[in-house]
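One structure is given here, and the rest of the page talks about it.
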Amino acid sequence: MASAGKNGYITMRDAVEHQLTTSQPTSMSVLKLKLDQDQLVEDFFGSTQLIGIVSSARDYQVCWQVNRDLHYDFRVNNSLEINLTKNQRSFFFSVFEFEEPTKSAAHYFYNNHCQAEFLLPELKNVDYLWLIKGDYYQLQDVKKLIGQLRHVEPIQLVSLLDIRKLENKMNLIF
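Note that the sequence shown covers residues 14 to 187 in the working numbering.
Here's what the structure looks like:
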């Protein structure tokens with residue numbers, strides 16, 4: 014058996030090497046790895062803030078207006094697009110990205126709707142989600158940003174959301 018590292022987990026490389034050296038040769042070998050979802054959630058959502066936005070405008074229109082009014086630089090990132098499959102149908106949720114390297118912060122703007130499906134079904138009244146990752150933005154900074162967003166033309170409502178209370182937060186992980 015592959016030995017566990019310092020943190021008690023087996024690395025992907027060790028697991029693959031173990032599988033290759035201990036398995037009987039077959040026409041098709043399958044390697045099954047168990048994903049530690051709790052650790053994944055903790056890693057992804059550590060030092061994050063989440064804002065919910067209500068707007069009847071399209072995602073690119075909201076981002077364009079935010080970029081113009083608040084001097085951000087959101088751009089659609091197709092490689093981050095989230096694909097959810099429900100009832101044998103695929104739904105694609107666009108993600109816009111803006112990075113601030115000098116502040117070690119990244120901003121992600123998610124579309125919460127795709128046809129009649131939701132990225133976060135528990136937030137059906139929220140059109141867009143703005144996730145801020147990084148230690149730079151503290152709660153008071155996010156509240157200031159929320160105040161600024163309330164003055165952006167196509168935005169009707171802005172609210173700070175508690176990530177811990179979301180049951181489908183795994184859908185935000187790309």
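We treat Cβ as the ideally placed atom computed from N, Cα and C, and that holds for glycine.
Residues near residue i by beta carbon distance below 6 angstroms, same chain, minus five either side
i: L97; result: F104
i: L152; result: none
8 angstroms contact criterion, which residue i and residue j should meet: CB distance rounded
i: N181; j: L133; result: 5 angstroms
i: G147; j: K116; result: 7 angstroms
i: F111; j: F87; result: 5 angstroms
According to DSSP, residues forming a beta bridge with residue i
i: T98; result: S103
i: R88; result: E110
i: C127; result: E130
i: G65; result: L142 and S172
C-beta contact flag for residue i and residue j at 8 angstroms
i: W143; j: H120; result: yes
i: Q78; j: V165; result: yes
i: S176; j: L63; result: The sequence shown places Ile at residue 176, rather than the Ser named in the question. Going by C-beta atoms, I176 is nearer than 8 angstroms to L63.
i: A118; j: Y141; result: no
Contact set for residue i: own chain, Cβ-Cβ below 8 angstroms, skip 5 residues either direction
i: V108; result: V89, N90, L93, E94, I95, Y121, F122, Y123, N124 and F187
i: P167; result: S68, S69, A70, Q74, V75 and Q78
Own chain partners of residue i with C-beta closer than 7 angstroms, once the 5 adjacent residues on each side are dropped
i: S60; result: K146, G147 and D148
i: N184; result: I95, L97, L132 and L133
- prompt: Pairing CB atoms from the stretch 128-142 with CB atoms from the stretch 152-167, are three or more of them under 8 angstroms?
  reply: no
field: Three or more C-beta pairs below 8 angstroms linking the stretch 48-58 and the stretch 73-82
entry: no
field: Three-pair Cβ contact test at 8 angstroms for the stretch 167-182 versus the stretch 63-80
entry: Cβ pair count under 8 angstroms is three or more, so yes.
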